[in-house]
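When we follow my numbering, the leftmost residue of the sequence shown carries the number 83, and every step to the right adds one.
Just so you know, even glycine gets a beta-carbon here, dropped at the ideal spot from N, CA and C.
Comments concern the structure below.
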Amino acid sequence: MVDNNWGVQAADTSVLEEVIVNADKDKAYAGGYLSQNTSLGMLRNKDMMELPAATMTITDQSIKDFAISGNNEVMDILSLNPSIRRTTSPNVVSVRGKYTTASQMSVNNIPGMYSNFTMGTNFIGNIDVLGGPSLVYSGSTTQNVIGGTVNYRSKVAEKEPLTTANVKYTSTGNLQESVDMSRRFGKDGAWGIRINALTGDGNLATHGEKLKNRNIFVNLDHQSVDSSTNLLMGYARSLHKGGNSIFQTVSSSETKPLSKMPFLPTAPDGKHNLNPSWAYTESKTWLMTLNHDQKLNDHWTAFLNAGIMRNDTPVNISGSSMTGILQFNPDGSFGGTFKRVLNIGASGSTARYIGTGLRSEYDFGFMKNEFLFAVDRNSAVNRTASSRKLGTYIGNLYQDNDWAAPDLTKVSTRLGSKFTTKGYTLMDTMKFMDDKLIVNAGLHHHSYQSRSYNANGTIKDEKDYDGNCPTYGIVYRFTPSLSVYANHTETFLGGTVVPTGKGYKNEGDLLDPAKTKSNEFGIKLKKGKLTHTLAMYETKEPGTVTTSDNYYKYDGETKYKGIEWTTAGTIGDKLDFIASIGFNRYIWTRNSNPKLNGMTADGIPKWNGNLALAYHATDDLTVLGRASYIGKSHIGHGTYTVPQYYRFDLGFKYESVMGHTPVTWSAMCYNVTNKKGWYSADQGNQILAADPRTFVVSAEIKF
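This is the structure:
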């Protein structure tokens, strides 16, 4: 159902080279770190000034220069967007205050195709971020995509042949090698192939933490005047040992604080290993996506999109079961002790998507019209395991920890849950007054089915739901460089499975489907070499609480209002920058417990911001810098304050030629000041220690 960034252009576009050459490069700004060309589901390739929403497209240049190497690459680079910040997991971010996992994101505009475990960034060409919920834009999903849509676009073969090799070394001993090759062939270069492969092994910044990962991704595409096809195939495998750990600050009922003091313990040095050396997660992921557009005549185009992603995680010891409980003294003081009950578990999932539809373009003189009709189906089968307890362990927050290894015999998985969404979408875009006024109206109808299963394979709980989610948007362009927009978007919450392993009496049950609604207003301005975006939004959704008798359920409503501002571009001829800041206030309303009404939701800071700089000292030398900020938040229903946290990164890259071979040398120091601090989890009471200072050096050779 979703459209893609390789789609056939308008009827009068017939020059093949214009299709083959990466259009994003023509739309790049801020020194190539961002692109004005956004590809998000139903909206296909659009200039950001035409979209009735806050968008940002991050290029692979940003990933190369600013993403930390290791287990946090993608999630760390996403925080360049003001809607997004890091939380308590390498594969989880906060999008406008909403907990968002990697499996809720899209690959090549196909939802649910990214893995929650390490896949690598070497195959990613661009990352599109759209703020706010909308099924009309993204297509049917089995996940609850609320805060915004994140879409990863794979690298496509460029016009000129490309062969590069990269060697990257982390100061703690992790060596990563990768290759990137692309060729175009056939008549007029109609066919293209791009291969990205990576192998990495060694220690990460935390003592005893190791990451061994492998991947290979092959992207095939074919372009002609009448059709466009893209096929991505990939395999990724990772083995992650030891590392940091999440800590709980309240009791399992989430209502009884563990300390009488209103502040958290001093954050530990991130280099300390808080997991045992034998704790590890092993994961394998297979991925395939297909996008095809076929021009039928001068006005109509048919499209087909399909994808399948399978993940197997035969061992997971360092996941959610590793959450530690801080052990406060009776007087509220803290001596560094934590307790942890360790379990060994396993999981797996298979996601499938197929969608097809028609798109038309007409020019009636007084109005240009773009119409879309699509049908699709998205399904997910999740496998789980009855985890086995390994033991109860006592550790210290301020030193390295290890314990004798127990029996690590693997557990087998079983069917845990199934989700299926079928839908159809109608969308119409009308342009008036020489494209000054743009109006979008769309409707997504969905039929949703969810099932959870007992250990013996029988159905434990089931939900069926049908509903409609409309979307409206309007853009008015005062000039080609200044536009204002407003939108109303909706999405539905599927039958969320009550989390397991947290002591809930209804764990494994399904909550009823519900709906989320959002309104947004914004301004976009391009002036000289600078681009500015200001967005203001309000989103409402059902609230979830833990009752006094330890049931997890809906209660009341949560409302979050926010403002986001981004400015990016080039100052003079030497300085490229991306600056963003976000404000988000997330409060409880209409709750049966009056004490919660008006209270800020747990774990969500009001402020976050980022500043990324690239100073071109000479034609060959670029100095890189980044500052990241997360404001203070409250957890434990206001019991504790998580202090603000900031991080500074500094590095450089140098272009050289060895013989006739171009070589780019890079060096980066992340967390230059070795700042200690806590990250908090959205709408939760968990905290995670910040990463320690890390040095990374690399060399990229272009043959």
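From the DSSP secondary-structure annotation, give me the bridge partner or partners of residue i.
{"i": "G524", "result": "M509, T553"}
{"i": "I476", "result": "K421"}
{"i": "I717", "result": "Y722"}
{"i": "Q305", "result": "S310"}
{"i": "Y558", "result": "L519, V566"}
{"i": "T502", "result": "S461, Q531"}
{"i": "W760", "result": "A771"}
{"i": "N295", "result": "G282, S320"}
{"i": "Q376", "result": "S309, A384"}
{"i": "M449", "result": "F514"}
{"i": "H698", "result": "T704"}
{"i": "T371", "result": "L314, G389"}
{"i": "K471", "result": "N425"}
{"i": "L575", "result": "A596"}
{"i": "I192", "result": "V189"}
{"i": "S197", "result": "Per DSSP, none; premise fails for S197."}
{"i": "G33", "result": "Lying before the first or after the last residue shown, residue 33 is absent from the chain, which here runs from 83 to 785."}
{"i": "G439", "result": "F385, A456"}
{"i": "L497", "result": "R465"}
{"i": "K688", "result": "Per DSSP, none; premise fails for K688."}
Could you spell out where the beta strand (DSSP E) holding residue i opens and where it closes?
{"i": "D594", "result": "Unbroken run through D594: none, as it is neither H nor E."}
{"i": "L314", "result": "309 to 323"}
{"i": "V778", "result": "776 to 784"}
{"i": "W747", "result": "743 to 752"}
{"i": "T704", "result": "703 to 712"}
{"i": "K587", "result": "Careful: K587 lies outside any beta strand (DSSP E) and carries neither H nor E."}
{"i": "M740", "result": "727 to 740"}
{"i": "F329", "result": "328 to 330"}
{"i": "L678", "result": "It is not in any beta strand (DSSP E) - L678 carries neither H nor E in the DSSP assignment."}
{"i": "D43", "result": "Not covered by the structure: residue 43. The range shown for the chain is 83 to 785."}
{"i": "Q481", "result": "No beta strand (DSSP E) contains Q481, which DSSP labels as neither H nor E."}
{"i": "T183", "result": "180 to 183"}
{"i": "L408", "result": "406 to 410"}
{"i": "S359", "result": "From DSSP, S359 is part of no beta strand (DSSP E); its letter is neither H nor E."}
{"i": "V175", "result": "174 to 177"}
What is the C-beta distance between residue i and residue j, in whole angstroms, given that I count them as a contact (C-beta under 8 Å)?
{"i": "A786", "j": "Y761", "result": "Because the chain spans 83 through 785 in this model, residue 786 falls outside it and cannot be assessed."}
{"i": "W485", "j": "P358", "result": "5 Å"}
{"i": "T573", "j": "V227", "result": "6 Å"}
{"i": "L592", "j": "D543", "result": "4 Å"}
{"i": "T503", "j": "N460", "result": "5 Å"}
{"i": "G194", "j": "S185", "result": "6 Å"}
{"i": "N387", "j": "I209", "result": "That belief does not hold up - the Cβ atoms of N387 and I209 are roughly 19 Å apart, past 8 Å."}
{"i": "A696", "j": "D658", "result": "4 Å"}
{"i": "A112", "j": "T652", "result": "7 Å"}
Check whether the Cβ of residue i lies closer than 7 Å to any heavy atom of the ligand NAP, and answer yes or no.
{"i": "Q258", "result": "Ligands displayed in this structure: none; no statement on the ligand NAP is therefore possible."}
### Query
Can you give, in chain order, each stretch of the beta strand (DSSP E) that sits fully within the stretch 102 to 167 and has at least 3 residues?
119 to 121, 127 to 129, 137 to 141
### Query
Can you give, in chain order, each stretch of the beta strand (DSSP E) that sits fully within the stretch 204 to 283 and has at least 3 residues?
206 to 213, 230 to 236, 244 to 252, 256 to 267, 273 to 283
#### Entry: Ordered list of beta strand (DSSP E) runs contained in the stretch 593 to 667, each at least 3 residues
596 to 609, 612 to 628, 634 to 653
### Query
Are the stretch 696 to 712 and the stretch 669 to 679 in contact at 8 Å, needing three or more beta carbon pairs?
no
#### Entry: Stretch-stretch touch, CB-based, cutoff 8 Å, three pairs: the stretch 618 to 627 with the stretch 110 to 125
no
### Query
If we count Cβ pairs, one from each stretch, closer than 8 Å, do we get three or more for the stretch 430 to 443 versus the stretch 374 to 392?
yes
### Message
Taking 8 Å as the cut-off, does the stretch 273 to 287 touch the stretch 254 to 261 (at least 3 CB pairs, one atom from each stretch)?
### Response
yes
### Message
Under 8 Å: do the stretch 425 to 433 and the stretch 513 to 531 share three or more Cβ pairs, one atom per stretch?
### Response
no
### Task
Could you tell me whether the stretch 262 to 270 touches the stretch 283 to 297, where touching means 3 or more Cβ pairs closer than 8 Å?
no
### Query
So does the stretch 313 to 332 actually touch the stretch 367 to 378, counting three or more Cβ pairs closer than 8 Å?
yes
### Query
Would the stretch 241 to 256 and the stretch 606 to 617 be scored as touching if the rule is three or more Cβ pairs under 8 Å?
no
### Query
Just checking, does the stretch 132 to 143 make contact with the stretch 202 to 215 on the three C-beta pairs under 8 Å criterion?
yes
### Task
Report yes or no: do the stretch 498 to 512 and the stretch 210 to 227 share at least 3 C-beta pairs separated by less than 8 Å?
yes
### Query
Would you call the stretch 639 to 649 and the stretch 156 to 174 touching, i.e. three or more CB-CB distances under 8 Å?
yes
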